[in-house]
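Visitor: Below: one structure in structure tokens.
Protein chains in written order, with this note's numbering: chain A, 1 to 484; chain B, 485 to 968; chain C, 969 to 1452.
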């Protein structure tokens, strides 16, 4: 651009350096002045000005190359992050991500068992014990942006299968996630809330008895800003050799819908409902209709028991329909949450059985934090002042009451088995039909990844069967938990 | 360098900035002109020129330091890559590498079983079921450039041991890899092709019966541009307490050689042969020569069965020699592949038994891709147009016929057991001696890491034993597979 | 700053570029000279000097921004390191760290068993076998600087539980580490030395019988420059259903203190002592006082045996007190190490039993390296000349003699069981009460991560019980080991 030197300089002086074009070079301006004043010849001006321009261009080119390398390097170096969200990797274009991590739930139980002592011979009364309720390692991620995968293995000592989630998924449709493999089927707010985030150490008996857990199947989950809808279907593992069976494994389908009419920062109202149908494997032998399809049983809300004090088996059960209702509200440091489940067991040759259960949970954060909520499930409490950052973490009080009643007096008139279910089928072992359980607890969230829990559980076992199998089991439980 | 100012400037003007020496500084050139013209004194010239040079040197030094830091940082940041080849790490000098990853094979089977129904009491007829055929996580890598290690754990539900490969290795000799630990012994093209890459959901019965799988031993593998040669030896796990045994575990040795006379981009011809010798543990009790050493059995080409419809036990087997022949060709989108196995069981006191099996596989890629091949094994198909990148992935049709015949009528005259092999040794369970199986399938390679498979398997079970144990098992199988 | 041009230039010329203030600009100096000489006007000088300063400021600002980005990037890129210390991650501020790795111990045993042959019917005599003594994968790290976590899973075939360490910990108190979860309780030098670093393939019988292994509990470990003190308490796993029991699981507490009076680079003297108390679960049935609490048994110092040739059960054992003494010295390439254990079993209704054992180990590094030692445990030998770096690695000779005597003749008068302990309780299986074992070995440390070991073990089994159960078991053992 051929500007008159004087005007260029005036412009520069008036507007400051920021306005000078990038190519502005004081050297060239000086050369112009010197040429105009005759101090240097036009030739010299030409040569020197070209040399100056060439040098500026070289400097600019080197700078651009450096900037480019630094940007590339910066992109490459942002592949790995390690923080309270865990160990995460992503490719430069973010089309591939991976996370490697796990969780540890170390439980310690001090139990006073006045049920098995009275009612059941040959089964241990649990006293004090330790247990790794969960100890998991896994890897998950995305590929080519839209595809998901995940494998998580559970080494905690209560698991018959060795993995939790094993999935291949697709998230290319807007707001929709499709998953294939072993993962939680849609059923129940307490069930779907991560075990790292549930308010008590164990989920309630109604949840553990009626909500679906993990199955190997297909789910399609879609959502909006304040609602979710999920449908799923699954197919069971098959039957191990030697059992008397006939063709197909268990299978089923399920659906859950949630809606949050109020969803603000410190005020949430959640409503949900779910339904599922299980078609049981047809394992009836010729003579008897006895099998475990219609077996309903529960622990006394602590996981140190393998034997269950509550257990009823409705023989001849072919399928089951389960309905669930959920309601919850979070108001600042308070929250209330309740669910109701009802199950109908459809039986062959015998009267169908209707059973149900419910729980109500209240929580209060002494340190003022609000429970998290997103996409239809509860999330964690993140301490405002973590231990080590000038604070005492977050402290939370919780209380829950749950009832499970698996007795249907009319259906129980026929085809009923109220026995141990243990391999020696000892009919002298008496089990209850109903549990009424109080759980009160204190949670200490040290930081975003670690919490300690203390629960006191008072489980009252009752029986509507003619076996007077009653008693109670009290437990004081402690947990150290880390998610990494 | 003392150049006459005018010549320097002329040189610069003629050749442009690139030719100017790095130290060329328009400022110094200007100073020279001004000095020559008398505008500034020689003293001023000295001082100003030195100052200019010092500034240029400082700028150059700062730039070099920055470049050095950026290069160091760039090296360090290239440690981690995450892409379709998985999550990989390497040290700056590449002497250490590591990979963390795994695979998921989620299978769903819909099975019509007309064999066990007719012939075998007390064994379940499999119907519809789901199964994690493989769910693996592992870590492997190199150390100090020449040393290898790897541990991979399999959580899929068909595995009695919990790991797949567990190795320490050395690759310091040119083109040679030595491995110690549990890994595949050299035997069979279909066997050595990764389960992520085999063309059908299950390998053929001859491969599963006669090829060696993974053992804990030592292999030495060497190769050239179109050939491979591998030798191995292994030692078994030992005998668990309580079984009647005498000293040594199984052991054996094996060798495999391959040659690709034609090995071009779209045209491959592969030839291979293998041999192995197994010396069985001497577990004979005093009276009987019955043990499982001479047990030959097979599934109906689908992994949902634990009980095998084909099973023969040649008692008194001390050792076995197995020969394998392989031939394959890949021509653009087509491929043909076949193997033949023959095994001789060497028996104590009874006549030796000769049995064999073979398969022939044909594949055709509708979307035109070519099957991969390298170092004597088949590799994957990489879709030209992956889903999500404007394409439908790669689609492949496959068909395989395999025959397994474990009946040697002459050897079978003596020391033969055609029974269930289940722990209660029920001789009323009849098994076949021969399988003839058609498998046809469609594979959909979504992208480099994910494929879906559908197989239809028609397994015809026949018997040359005097037990008329015949029938067939048809299965429709689906698989979702991800390698990460 | 208004300096007279001449003085500025003189200053610059005298002191060189380094002394020029950063803002010094030869261009501005030239402009001053030209202005002073009248070649350019004061106006022109103003404009040009401002333009030159503005340009310098812009260049400086760009440079600072680049430096800042490069430093950020450099920090971020130092997240990942992969070297002989393994695969390590850390956050930019180092408050989060993580390590993913594992180990493989691949063992091969060639065993000559002259004990079980003579004394025990129906138990296999082990001959030659392979075994993955350890095959582990795990992840551990720190969070928010002071918190620790770790999960490691063991897939080697000798483990009844599936994990090794599973911990949550805190290291915020100076020089103190608190751990909760499953990890080694404080007891024994050989026990606490990592299996990657012990001098022989198996720890001695006294260590394996008397030292504590891993339990689920709490430890507090503190240390100084040459001493350590650790206390711990634990609670057992509970009792599985079906066993006759009464309330509480095993629990116990333990302490260990070490002191290194001499701790120089090539000369170490280590002293240590430990104590632990185990309160056994009260599993006595009404009639008999027989249970496994007082069972003391040992292998012949090789892990290929599940059945133990040494075994005594003192019935009615309620608790046990164990005392341990440790002494070791490292002098350049030599080292000597010895431990003595004594255990008192406190019995209900029967006389208490006192048993003991000891070992003495000598090592010598042919290639001159010194054994490592830190914080009260032995550490590895790091080869001076690793294989591949111009050397043959490090070569070490080791020899150990250990004695275990679980016979207390006076206590053995009553409530004694010297039987197999196998489930069929066959009293015709005779076991010894004493082992005297020589282990000699050669270790080849290829590099910092890989070693090979060869051991020859001569185990003499004797019996002070009236059963003459004597014999010996010789074994030649090989191990390939990698830590990654």
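Ideal Cβ positions, reconstructed from N, Cα and C, are used throughout, including at glycine.
Should residue 1027 of chain C be labelled buried (16 or more other beta-carbon atoms within 10 Å of its own) or exposed?
Guide: When all chains shown are included, residue 1027 of chain C counts as exposed.
Visitor: Drop a sphere of 10 angstroms on the beta-carbon of residue 1268 of chain C, count the other beta-carbons inside from all chains shown, and report buried for 16 or more, exposed for fewer.
Guide: With 16 or more other Cβ atoms within 10 Å, it is buried.
Visitor: Would you say residue 962 of chain C reaches chain B, if we count a Cβ-Cβ gap shorter than 8 Å as a contact?
Guide: Here chain C comprises residues numbered 969 to 1452, so residue 962 of chain C is not present and cannot be evaluated.
Visitor: Taking the alpha carbon of residue 1050 of chain C as the reference point, which residue from B/960, B/577 and B/517 has its own alpha carbon closest?
Guide: Per the Cα distances, B/577.
Visitor: Would you kindly work out how many angstroms separate the C-alpha atoms of residue 412 of chain A and residue 202 of chain A, rounded to a whole number?
Guide: Approximately 29 Å between the Cα atoms of the pair.
Visitor: Where do the N-terminal and C-terminal ends of the alpha helix (DSSP H) with residue 1176 of chain C fall, by residue?
Guide: 1173-1178 is the extent of the alpha helix (DSSP H) around residue 1176 of chain C.
Visitor: I'd like to know whether the C-beta of residue 128 of chain A is nearer than 8 Å to at least one C-beta of chain C.
Guide: For residue 128 of chain A, the answer is yes, since a Cβ of chain C falls inside 8 Å of its Cβ.
Visitor: Could you please give the first and the last residue of the uninterrupted beta strand (DSSP E) stretch that includes residue 620 of chain B?
Guide: It spans 612-627 - the beta strand (DSSP E) in which residue 620 of chain B sits, taken as one unbroken run.
Visitor: In chain A, what lies closer than 7 Å to residue 592 of chain B by C-beta?
Guide: Simply 235.
Visitor: Just to make sure I have the definition right: I need the residues of chain C whose C-beta is within less than 7 Å of the C-beta of residue 27 of chain A. Which are they?
Guide: Chain C residues near residue 27 of chain A: 995.
Visitor: Between B/924, B/591 and B/798, which lies nearest to residue 839 of chain B when the distance is taken from Cα to Cα?
Guide: The option with the nearest alpha carbon to residue 839 of chain B is B/798.
Visitor: In terms of alpha-carbon separation, which member of A/113, A/296, A/325 and A/333 lies closest to residue 471 of chain A?
Guide: The shortest C-alpha separation from residue 471 of chain A is found at A/113.
Visitor: Just tell me which of C/1413, C/1168 and C/1083 has its CA closest to the CA of residue 1095 of chain C.
Guide: Taking only the C-alpha atoms, the option nearest residue 1095 of chain C is C/1083.
Visitor: Any contact between the stretch 878-890 of chain B and the stretch 840-857 of chain B? By contact I mean 3 or more CB pairs, one from each, below 8 Å.
Guide: With a cut-off of 8 Å, the stretch 840-857 of chain B and the stretch 878-890 of chain B count as touching, because enough Cβ pairs lie within range.
Visitor: Along chain B, in chain order, which residues have C-beta atoms closer than 9 Å to that of residue 1331 of chain C?
Guide: Residues of chain B passing the Cβ test: none, with the nearest at roughly 23 Å.
Visitor: Counting only beta-carbon separations shorter than 8 Å, does residue 931 of chain B have a partner in chain A?
Guide: It does: the Cβ of residue 931 of chain B has a partner Cβ on chain A nearer than 8 Å.
Visitor: Cβ of residue 714 of chain B less than 8 Å from any chain A Cβ?
Guide: Taking Cβ atoms only, chain A never reaches closer than 8 Å to residue 714 of chain B, which makes this a no.
Visitor: To test your reading of the DSSP string, which unbroken alpha helix (DSSP H) runs of 4 or more residues are found completely within the stretch 164-194 of chain A?
Guide: Qualifying alpha helix (DSSP H) stretches, in chain order: 189-192.
Visitor: Can you tell me which of B/733, B/828, B/750 and B/708 puts its alpha carbon nearest to the alpha carbon of residue 760 of chain B?
Guide: Nearest of B/733, B/828, B/750 and B/708 to residue 760 of chain B, Cα basis: B/828.
Visitor: Tell me whether residue 584 of chain B is buried or exposed, calling it buried when 16 or more other Cβ atoms sit within 10 Å of its Cβ.
Guide: Buried.
Visitor: Are the stretch 659-669 of chain B and the stretch 706-721 of chain B touching, with three or more C-beta to C-beta distances below 8 Å?
Guide: Yes: the two stretches touch, three or more of their Cβ pairs being nearer than 8 Å.
Visitor: To the nearest angstrom, how far is it from the Cα of residue 830 of chain B to the Cα of residue 916 of chain B?
Guide: Each residue's alpha carbon lies about 22 Å from the other.
Visitor: In whole angstroms, give me the CA-to-CA distance for residue 1420 of chain C and residue 1445 of chain C.
Guide: Rounded to the nearest angstrom, the two C-alpha atoms are 11 Å apart.
Visitor: Would you decide whether residue 1339 of chain C is buried or exposed? Buried here means 16 or more other CB atoms lie within 10 Å of its CB.
Guide: Residue 1339 of chain C comes out buried.
Visitor: Within 10 angstroms of its Cβ, does residue 466 of chain A collect 16 or more other Cβ (buried), or is it exposed?
Guide: The residue in question, residue 466 of chain A, is exposed, as its Cβ has fewer than 16 Cβ neighbours within 10 Å.
Visitor: Between the stretch 1038-1064 of chain C and chain A, which residues of the former have a C-beta closer than 7 Å to a C-beta of the latter?
Guide: Those would be 1038, 1041, 1044, 1045, 1047, 1048, 1057, 1058, 1059 and 1064, in chain order.
Visitor: How many angstroms separate the CA atom of residue 513 of chain B from the CA atom of residue 551 of chain B?
Guide: For residue 513 of chain B and residue 551 of chain B, the distance between alpha carbons rounds to 28 Å.
Visitor: Residue 968 of chain B and residue 149 of chain A: beta carbons closer than 8 Å?
Guide: Yes, the pair counts as a contact, with Cβ atoms nearer than the cut-off.
Visitor: Roughly how many angstroms separate the alpha carbons of residue 942 of chain B and residue 957 of chain B, rounded to a whole number?
Guide: If you take the alpha carbons of residue 942 of chain B and residue 957 of chain B, they lie about 6 Å apart.
Visitor: Answer with yes or no whether the minimum CB distance from residue 384 of chain A to chain C is below 8 Å.
Guide: It does not; no Cβ of chain C falls within 8 Å.
Visitor: Measure the alpha-carbon distance for residue 479 of chain A versus residue 443 of chain A and round it to whole angstroms.
Guide: Answer to the nearest angstrom: the Cα atoms are 9 Å apart.
Visitor: May I have a chain-ordered list of the alpha helix (DSSP H) segments no shorter than 4 residues that lie completely inside the stretch 1311-1339 of chain C?
Guide: Counting only runs of 4 or more, we get nothing.
Visitor: Would you kindly report the start and end of the unbroken alpha helix (DSSP H) that includes residue 995 of chain C?
Guide: Looking at the DSSP string, the run of the alpha helix (DSSP H) that includes residue 995 of chain C is 994-1004.
Visitor: For residue 453 of chain A, list the residues DSSP reports as bridge partners.
Guide: Paired residue(s): A/443 and A/479.
Visitor: Please report how far the alpha carbon of residue 624 of chain B lies from the alpha carbon of residue 414 of chain A, in whole angstroms.
Guide: For residue 624 of chain B and residue 414 of chain A, the distance between alpha carbons rounds to 59 Å.
Visitor: Just to confirm my understanding: we take residue 864 of chain B, look at its own chain, exclude 5 residues before and 5 after, and list those with CB closer than 6 Å. What are they?
Guide: Around residue 864 of chain B: 681 and 856.
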